[in-house]
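Undergrad: Be aware that the sequence shown starts at 64, since it is given in this note's numbering, and climbs by one per residue.
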Amino acid sequence: MCGIVGYIGTKQAAPIILDGLSKLEYRGYDSAGMAIYDGEKINITKSVGRLKILENLTHGGETMSGVCGIGHTRWATHGVPSNVNAHPHFNTDGTITVVHNGIIENYIQLRQMLTDKGYQFVSETDTEVLAHLLDYYYKGNPMEAMTKVLHRVEGSYALGILFADCPDQIFAARKDSPLVVGQNQDGCFIASDVPAILRYTRKVYYVDNQEIVRLRVDHMHFYTVDEEEIHKEPVTIDWDANAAEKAGYEHFMLKEMYEQPKTVTDTLLPRIKDNDIVIEGLNMTDEELKGIKKIHIVACGSAYHAGMTGKYVIEGLARIPVEVDLASEFRYRNPILEEGGMVVVISQSGETADTLAALREAKARGFKVLGIVNVVGSSIAREADNVMYTWAGPEIAVATTKAYSAQLVALYLLAIKLGRVRGAIRDKEYASMLGDLRCLPDQIELLLNNKLKIQKFANRYIGAKDVFFIGRGIDYAISLEGSLKLKEISYIHSEAYAAGELKHGTISLIEEGTLVAAVSTQPDLYAKTISNMVEVKARGAFVLAVTCEENKEIEKAADYVIYIPETNPFFANSLAIIPLQLFGYYVAVGKGCDVDKPRNLAKSVTVE
Ligand code: F6R
Numbered sequence: 064m065c066g067i068v069g070y071i072g073t074k075q076a077a078p079i080i081l082d083g084l085s086k087l088e089y090r091g092y093d094s095a096g097m098a099i100y101d102g103e104k105i106n107i108t109k110s111v112g113r114l115k116i117l118e119n120l121t122h123g124g125e126t127m128s129g130v131c132g133i134g135h136t137r138w139a140t141h142g143v144p145s146n147v148n149a150h151p152h153f154n155t156d157g158t159i160t161v162v163h164n165g166i167i168e169n170y171i172q173l174r175q176m177l178t179d180k181g182y183q184f185v186s187e188t189d190t191e192v193l194a195h196l197l198d199y200y201y202k203g204n205p206m207e208a209m210t211k212v213l214h215r216v217e218g219s220y221a222l223g224i225l226f227a228d229c230p231d232q233i234f235a236a237r238k239d240s241p242l243v244v245g246q247n248q249d250g251c252f253i254a255s256d257v258p259a260i261l262r263y264t265r266k267v268y269y270v271d272n273q274e275i276v277r278l279r280v281d282h283m284h285f286y287t288v289d290e291e292e293i294h295k296e297p298v299t300i301d302w303d304a305n306a307a308e309k310a311g312y313e314h315f316m317l318k319e320m321y322e323q324p325k326t327v328t329d330t331l332l333p334r335i336k337d338n339d340i341v342i343e344g345l346n347m348t349d350e351e352l353k354g355i356k357k358i359h360i361v362a363c364g365s366a367y368h369a370g371m372t373g374k375y376v377i378e379g380l381a382r383i384p385v386e387v388d389l390a391s392e393f394r395y396r397n398p399i400l401e402e403g404g405m406v407v408v409i410s411q412s413g414e415t416a417d418t419l420a421a422l423r424e425a426k427a428r429g430f431k432v433l434g435i436v437n438v439v440g441s442s443i444a445r446e447a448d449n450v451m452y453t454w455a456g457p458e459i460a461v462a463t464t465k466a467y468s469a470q471l472v473a474l475y476l477l478a479i480k481l482g483r484v485r486g487a488i489r490d491k492e493y494a495s496m497l498g499d500l501r502c503l504p505d506q507i508e509l510l511l512n513n514k515l516k517i518q519k520f521a522n523r524y525i526g527a528k529d530v531f532f533i534g535r536g537i538d539y540a541i542s543l544e545g546s547l548k549l550k551e552i553s554y555i556h557s558e559a560y561a562a563g564e565l566k567h568g569t570i571s572l573i574e575e576g577t578l579v580a581a582v583s584t585q586p587d588l589y590a591k592t593i594s595n596m597v598e599v600k601a602r603g604a605f606v607l608a609v610t611c612e613e614n615k616e617i618e619k620a621a622d623y624v625i626y627i628p629e630t631n632p633f634f635a636n637s638l639a640i641i642p643l644q645l646f647g648y649y650v651a652v653g654k655g656c657d658v659d660k661p662r663n664l665a666k667s668v669t670v671e
């Protein structure tokens with residue numbers, strides 16, 4: 064979603080800001096802009112479209128001289144993508160400029176109030192009210208104006224602000240939208256995400272809700288919204304900066320798919336100690352685990368699909384009922400949470416607004432929340448009572464692959480741990496499951512190495528209009544994710560259906576040549592899925608099957624078969640998803656789509 068970068072120091076600010084914004088491009092945006100203080104006034108350049116255009120307009124930042132500035136990449140919410148709606152926004156005489164991530168929910172009332180007082184608006188954005196409201200309250204003291212504004216606005220924000228009267232300072236603030244600040248020997252930085260400033264500093268401070276930061280060349284001060292100064296401890300980021308580079312791959316998505324064996328290993332192996340599953344962040348005794356009566360998994364998008372798999376695996380292995388909710392639904396449907404219930408939220412970014420709100424809803428009702436989260440220090444990681452990290456490293460491509468695979472493995476571990484503690488898994492099964500889990504990374508590697516076969520097949524479908532994915536049980540959960548991967552990056556309409564449900568309506572969409580991908584990894588359901596394949600084939604469908612090596616019977620019903628290696632059926636998702644990810648990827652590449660940055664999408668969805 065939108066990105067923010069700001070710098071004040073001894074170097075030229077514009078090239079640093081452009082570089083930082085380029086590291087946030089993956090989050091998705093449709094326009095970009097910068098405000099730089101040149102020693103006398105604040106100059107602004109902004110443009111709809113890619114960051115490259117802003118770079119060209121400013122000759123890589125050279126034409127915007129100055130050592131203090133803020134920049135932004137915008138993902139339109141209020142108002143179309145346009146030069147006028149791009150950030151930074153400014154007050155009437157251009158002496159106060161603002162970049163903003165998030166949504167000001169009461170902007171209509173504020174806009175009306177300011178219009179009545181004579182302020183004129185040029186954009187359709189909610190952000191512009193902030194520039195005029197700051198102007199309204201500004202009487203020579205920026206902190207005073209900021210606190211007044213922050214007390215009046217409702218909604219979410221990460222802000223970077225320049226006041227022309229204070230050329231040696233940047234102001235920043237945050238509520239429900241991520242913001243970090245950092246410092247090195249040359250200056251201080253603000254950013255909406257760590258990769259933007261990782262090249263300059265590894266020491267960062269996470270700004271908390273309703274905090275304000277005042278940054279100068281050589282120091283930063285933190286305050287509450289009531290102007291009380293607070294002390295914060297820095298966090299040292301230990302990721303490899305190269306993790307956020309393409310390392311010779313054509314796209315981040317391909318690189319990240321290839322990182323899956325490592326991601327699965329990293330999430331899995333440190334938690335298997337002397338044949339025992341140790342989930343250190345879980346912080347629950349065996350007695351507490353035995354007492355769980357129901358699990359609520361809440362997430363969005365692919366994380367929700369991982370949760371769907373989690374439902375089948377936990378119910379199957381631990382015999383605990385699991386309800387899976389879309390976070391955007393959970394938060395508003397007055398969910399029934401009863402004693403003995405456990406809430407698990409899943410999120411790669413740890414910043415998804417709906418998932419965060421669902422977490423808060425569960426906590427407000429007195430339930431402890433376990434977060435399965437990838438980004439360390441993210442809002443969900445900090446607000447969840449317990450955190451189980453998926454150690455997937457930074458994921459840059461908008462379409463998730465490696466973080467999803469890590470989420471699956473985290474859920475398997477949780478399911479086996481629960482099943483073991485509750486006596487639902489016997490010793491022999493347990494040993495065999497751990498053995499199967501340990502084999503997953505090599506098996507994933509094997510499937511990735513089969514990419515040419517899938518690429519060739521995918522090339523036939525770059526002109527497809529509709530594609531259907533079908534499966535039963537866990538295979539339905541895999542189908543949901545396979546379908547999402549295809550549609551989000553290739554823009555081909557695709558739907559996933561529980562295989563037995565197709566004939567209740569959707570089968571009428573099958574025409575001569577329609578591709579139906581049938582996933583069949585559950586031995587007790589092989590025959591049932593074959594029947595559904597035969598049904599669609601009889602109506603002209605071309606059937607691609609993803610199944611296990613032993614299921615040769617499927618060749619009688621499928622037109623093309625991709626086999627996955629043998630594993631415990633509960634873990635088959637981790638293998639079956641690989642050819643589906645590759646299929647979506649190669650269809651999108653074949654169509655010439657911007658694979659890493661699909662249109663209209665953002666990496667971390669920090670608005671409702
Ligand atoms: C799809 C995708 C999204 C995310 C969803 C939740 O490829 O990446 O569907 O899974 O937006 O995001 P997180 O996991 O960051 O909460």
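Think of the CB as a built atom: it goes at the ideal place given N, C-alpha and C, for glycine as much as any other residue. Just so we're clear, the structure is a prediction, and the values are computed from it rather than from any experiment.
Judging by CA-CA distance, which residue of His141, Ala651, Lys238, Gly404 is the nearest neighbour of Glu351?
TA: Position 288 of the sequence shown, counting from 1, holds the residue named residue 351. Measuring from the Cα of Glu351, the nearest candidate turns out to be Gly404.
Undergrad: With DSSP as the reference, label Tyr263 as helix, strand or coil.
TA: By 1-based counting over the sequence shown, the position of residue 263 is 200. Correct three-state label for Tyr263: coil.
Undergrad: For Arg445, which option in Val387, Glu118, Pro241, Val658 has the closest C-alpha, if you only look at C-alpha atoms?
TA: As a working mapping, residue 445 is identified with position 382 in the sequence shown. Ranking Val387, Glu118, Pro241, Val658 by Cα distance to Arg445 puts Pro241 first.
Undergrad: Identify, in the order they occur along the chain, each residue of the same chain with its Cβ nearer than 8 Å to the Cβ of Tyr589, setting aside the five sequence neighbours on each side.
TA: What you label residue 589 is simply residue 526 of the sequence shown in a count that begins at 1. Taken in chain order, the residues that qualify are Ser583, Thr610, Asn614, Glu616, Ile617.
Undergrad: Out of curiosity, what's the CA-to-CA distance linking Gly413 and Val270?
TA: Position 350 of the sequence shown, counting from 1, holds the residue named residue 413. Position 207 of the sequence shown, counting from 1, holds the residue named residue 270. Their backbone Cα atoms lie some 15 Å apart in a straight line.
Undergrad: Going by DSSP in three states, Lys115 sits in which element: helix, strand or coil?
TA: For this step, residue 115 is matched to residue 52 along the sequence shown. Helix at Lys115.
Undergrad: Heavy atom of ligand 1 less than 8 Å from the Cβ of Glu414, yes or no?
TA: What you label residue 414 is simply residue 351 of the sequence shown in a count that begins at 1. Within the cutoff, so yes.
Undergrad: Would you report the Cα separation of Ile459 and Leu422, rounded to the nearest angstrom?
TA: As a first step, residue 459 must be located in the sequence shown, where it is residue number 396. As a first step, residue 422 must be located in the sequence shown, where it is residue number 359. Between Ile459 and Leu422, the C-alpha separation is close to 25 Å.
Undergrad: For Leu500, which residues from the same chain have a beta carbon less than 7 Å from its beta carbon, with the 5 sequence-adjacent residues on both sides left out?
TA: The count along the sequence shown starts at 1 and reaches residue 500 at position 437. These residues qualify, in order along the chain: Leu331, Tyr475, Phe634.
Undergrad: Skipping 5 residues on each side, what residues in its chain have a beta carbon closer than 7 Å to that of Ala540?
TA: As a first step, residue 540 must be located in the sequence shown, where it is residue number 477. So the qualifying residues of the chain are His368, Met371, Thr372, Tyr375, Asn636.
Undergrad: Could you say if the region 347-365 and the region 487-499 meet the contact criterion of at least three C-beta pairs nearer than 8 Å?
TA: In short, these stretches do not touch, since the Cβ pair count stays below three.
Undergrad: Does the Cβ of Gly603 lie closer than 8 Å to at least one heavy atom of ligand 1?
TA: Counting from 1 along the sequence shown, the entry for residue 603 is found at position 540. No, ligand 1 has no heavy atom inside 8 Å of this Cβ.
Undergrad: Locate the alpha helix (DSSP H) running through Asp529, then write down its first and last residues.
TA: Position 466 of the sequence shown, counted from the first residue, corresponds to residue 529. Premise fails: Asp529 lies in the beta strand (DSSP E), 529-534, not in any alpha helix (DSSP H).
Undergrad: So what does Ala194 bridge to, in DSSP terms?
TA: Within the sequence shown, numbered from 1, the residue matching residue 194 stands at position 131. In DSSP, Ala194 forms no bridge with anything.
Undergrad: How big is the Cα-Cα spacing for Phe153 and Asp339?
TA: What you label residue 153 is simply residue 90 of the sequence shown in a count that begins at 1. What you label residue 339 is simply residue 276 of the sequence shown in a count that begins at 1. Taking the straight line from one Cα to the other gives about 58 Å.
Undergrad: So, using beta-carbon positions, are Val161 and Thr190 closer together than 9 Å?
TA: Here residue 161 refers to the residue found at position 98 of the sequence shown. Here residue 190 refers to the residue found at position 127 of the sequence shown. Yes.
Undergrad: Please check the pair Val439 and Val408, which I expect to be a contact at CB under 8 Å, by giving their CB distance rounded to whole angstroms.
TA: For the purposes of this step, residue 439 is identified with residue 376 of the sequence shown, where counting begins at 1. For the purposes of this step, residue 408 is identified with residue 345 of the sequence shown, where counting begins at 1. Between Val408 and Val439 the Cβ distance is about 16 Å, and since that is not below 8 Å, they are no contact.
Undergrad: Can you name the start and end residues of the beta strand (DSSP E) that Gly66 belongs to?
TA: For the purposes of this step, residue 66 is taken as the residue at position 3 of the sequence shown. Taken as a continuous stretch (DSSP letters only), the beta strand (DSSP E) holding Gly66 covers 66-72.
Undergrad: Between Gln75 and Cys656, what straight-line distance do the alpha-carbon atoms span, to the nearest angstrom?
TA: Numbered from its first residue, the sequence shown carries residue 75 at position 12. Numbered from its first residue, the sequence shown carries residue 656 at position 593. Straight-line Cα distance between these residues: approximately 35 Å.
Undergrad: Output the distance between the C-alpha atoms of Cys251 and His135, rounded to the nearest integer angstrom.
TA: In the sequence shown, counting from the first residue as 1, residue 251 sits at position 188. In the sequence shown, counting from the first residue as 1, residue 135 sits at position 72. Cα to Cα, Cys251 sits roughly 17 Å from His135.
Undergrad: Tell me which residue opens and which closes the beta strand (DSSP E) that Cys251 is part of.
TA: Taking the sequence shown and counting its residues from 1, one reaches residue 251 at position 188. Cys251 -> beta strand (DSSP E) spans 250-254.
Undergrad: Quick one: is the Cβ of Tyr89 within less than 8 Å of any heavy atom of ligand 1?
TA: Start at 1 with the first residue of the sequence shown, and residue 89 comes out as number 26. Answer for Tyr89: no, Cβ out of range of ligand 1.
Undergrad: Would you list the residues sitting across from Tyr220 in a DSSP beta bridge?
TA: Mapped onto the sequence shown, residue 220 falls at position 157. Answer is Lys238, Asp239, bridged to Tyr220.
Undergrad: Please report the straight-line C-alpha distance between Lys86 and Ile79, rounded to a whole angstrom.
TA: On the sequence shown, position 23 is the one that residue 86 refers to. On the sequence shown, position 16 is the one that residue 79 refers to. When rounded, the distance between both Cα atoms is 11 Å.
Undergrad: Cβ of Gln506 within 9 Å of Cβ of Ile627?
TA: In the sequence shown, counting from the first residue as 1, residue 506 sits at position 443. In the sequence shown, counting from the first residue as 1, residue 627 sits at position 564. Going by C-beta atoms, Gln506 is nearer than 9 Å to Ile627.
Undergrad: May I have the straight-line CA-CA distance separating Gln172 from Arg215, to the nearest angstrom?
TA: Reading the sequence shown from its first residue, position 109 is the one you call residue 172. Reading the sequence shown from its first residue, position 152 is the one you call residue 215. If I take the Cα positions, the gap works out to 11 Å.
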